[in-house]
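Q:
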Amino acid sequence: MIYYFCREFNRCKMKKLSIILMMVFGLGILFQSCNDGKTYAELKEEEREAIKRFIELNEIKVIDEDQFAEQDSLTNVDANEYVLFEETGVYMQVVERGNGDALEDGRHEILVRYLEEQIVSDGTTDTLSLNTVANLYAHPDEFILTKQDKTLSASFTANGAMYAAHSSAYVPSGWLLPLNYLRVGREIAGRAKIKLILPHGQGTATASGQVFPCYYEITYQLSR
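With our numbering, letter number 50 in the sequence shown gets 66, and the count goes up by one each step, no holes.
As structure tokens, then:
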């Protein structure tokens with residue numbers, strides 16, 4: 017009996033020791049991978065440089081918010097103007113304001129078609145991107161928007177490309193900001209259209225987690 021008890025006791029000790037060693041080994045791999053990776057500050061700096069190169073390569077003329085307001089919240093498309101919103105780091109070009117009305121406070125169902133491209137380190141864009149404008153998807157994405165003054169929040173419905181690609185109903189903050197300046201209506205011919213450069217903090221859950229900027233072309237239309 018004593019022999020059996022000692023054997024089982026030693027077996028338990030060895031099992032616990034093995035578990036501890038495995039945990040230590042796993043933590044060692046984790047810390048090593050962290051040490052080999054880039055810091056958040058380094059990733060943000062790379063993002064800033066990528067956006068800067070993108071702007072230079074595409075000969076974008078950046079205007080400030082004061083000039084944007086003086087131009088009736090419009091950008092000169094022929095001059096390839098984008099307004100920079102300093103607080104968020106979002107760049108926006110208003111291609112078409114839309115033929116509807118300014119959105120009132122309340123709940124709205126918004127249809128969106130878009131091109132999404134990741135801006136890579138040399139300022140070019142990744143060709144592996146979402147493009148619902150080119151009819152790669154049969155239907156536009158839809159999100160439910162709640163507006164209170166200039167505070168906007170929204171969630172994608174579960175049957176769209178964005179939801180499927182990023183496994184999240186989260187609508188990027190950078191997608192909502194333009195809605196304070198557009199006149200979104202129901203007519204297809206008069207859809208509002210904008211172009212955006214979004215830093216990771218204003219982008220998708222994927223961009224935010226991996227720290228990379230994206231370029232977008234988006235049209236907005238009221239569902240009903």
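Positions of the beta carbon are idealized from the N, C-alpha and C atoms, including for glycine.
Source: prediction; values computed, not measured.
(1) Three or more beta-carbon pairs under 8 Å between the region 220 to 230 and the region 59 to 75, yes or no?
(2) Nearest-angstrom Cα distance between S239 and I71?
(3) To which residues of the same chain is E63 closer than 7 Å at the C-beta, ignoring the five residues directly before and after it?
(4) May I have the straight-line CA-CA distance separating Q83 from V111, to the nearest angstrom?
(5) Identify the continuous alpha helix (DSSP H) that holds G242 and give its terminal residues.
(6) So what does DSSP say about H155, is it helix, strand or coil?
(7) What do you get for K211, buried or exposed, if any count of 16 or more other CB atoms within 10 angstroms of its CB means buried?
(8) On the criterion of 16 or more Cβ atoms from any shown chain inside 10 Å, does L73 qualify as buried, or is it exposed?
(9) Would you call R123 buried or exposed, if buried means 16 or more other Cβ atoms sit within 10 Å of its Cβ?
(10) Please report the distance separating the alpha-carbon of E102 from that of N196.
(11) Say whether the region 94 to 109 touches the region 166 to 182, bearing in mind that this needs 3 or more beta-carbon pairs closer than 8 Å, one atom from each stretch.
(12) What three-state label does DSSP hand L238 in the structure shown?
(13) Can you tell me which of the three DSSP states R202 falls into?
(14) Considering Cα atoms alone, identify which of G116, K54 and E86 is closest to R199.
(15) Quick one: what's got a C-beta closer than 7 Å to A118's C-beta in the same chain, skipping five residues either side?
(16) Would you tell me roughly how many angstroms separate the C-alpha atoms of V128 and G190, rounded to the nearest one?
(17) Using only alpha-carbon positions, find the residue among V93, E203, K77 and G139 that is nearest to K68.
(18) Would you report the Cα separation of E24 and S137, rounded to the nearest angstrom?
(19) With a threshold of 16 other CB atoms inside 10 Å of the CB of R202, please say whether the residue is buried or exposed.
(20) Taking only the alpha-carbon atoms, compute the straight-line gap between K77 and G105 and give it to the nearest angstrom.
A: Based on what the coordinates show:
(1) yes
(2) Counting from 1 along the sequence shown, the entry for residue 239 is found at position 223. Counting from 1 along the sequence shown, the entry for residue 71 is found at position 55. Rounded to the nearest angstrom, the two C-alpha atoms are 33 Å apart.
(3) Start at 1 with the first residue of the sequence shown, and residue 63 comes out as number 47. Hits under 7 Å: P215, H216, V227, F228 and P229.
(4) Within the sequence shown, residue 83 is the residue found at index 67, counting from 1. Within the sequence shown, residue 111 is the residue found at index 95, counting from 1. Between Q83 and V111, the C-alpha separation is close to 17 Å.
(5) Given that the chain is displayed from residue 17 to residue 240, the structure contains no residue 242 and the question cannot be resolved.
(6) Locating residue 155 in the sequence shown gives position 139, counting from the first residue. The answer is coil: DSSP assigns H155 none of H, G, I, E or B.
(7) Working through the sequence shown from its first residue, we reach residue 211 at position 195. Burial call: buried.
(8) Walking along the sequence shown from the start, residue 73 turns up at place 57. Label assigned to L73: exposed.
(9) Translated into the one-based positions of the sequence shown, residue 123 becomes position 107. That one is exposed.
(10) Here the question's residue 102 lines up with position 86 in the sequence shown. Here the question's residue 196 lines up with position 180 in the sequence shown. Cα to Cα, the separation comes out at about 16 Å.
(11) no
(12) The residue labelled residue 238 in the question sits at position 222 within the sequence shown. In the structure shown, L238 sits in a strand (DSSP, three-state: E or B).
(13) Taking the first residue of the sequence shown as position 1, residue 202 is located at position 186. DSSP places R202 in coil when its eight states are reduced to three.
(14) Working through the sequence shown from its first residue, we reach residue 199 at position 183. Nearest C-alpha to R199: G116.
(15) Position 102 of the sequence shown holds residue 118. R199, listed in sequence order.
(16) Here residue 128 refers to the residue found at position 112 of the sequence shown. Here residue 190 refers to the residue found at position 174 of the sequence shown. Roughly 14 Å separates the two Cα atoms.
(17) Residue numbering aside, residue 68 sits at position 52 when the sequence shown is read from its first letter. Comparing Cα positions, the closest option is G139.
(18) Here residue 24 corresponds to residue number 8 of the sequence shown, with the count starting at 1. Here residue 137 corresponds to residue number 121 of the sequence shown, with the count starting at 1. Residue placement at E24 cannot be trusted, given a pLDDT of 48 that sits under 50; what the coordinates show is reported in the next sentence. Going from the Cα of E24 to the Cα of S137 covers about 58 Å.
(19) If you number the sequence shown from 1, residue 202 lands on position 186. Per the 10 Å Cβ criterion, exposed.
(20) Within the sequence shown, the letter at position 61 stands for residue 77. Within the sequence shown, the letter at position 89 stands for residue 105. For K77 and G105, the distance between alpha carbons rounds to 15 Å.
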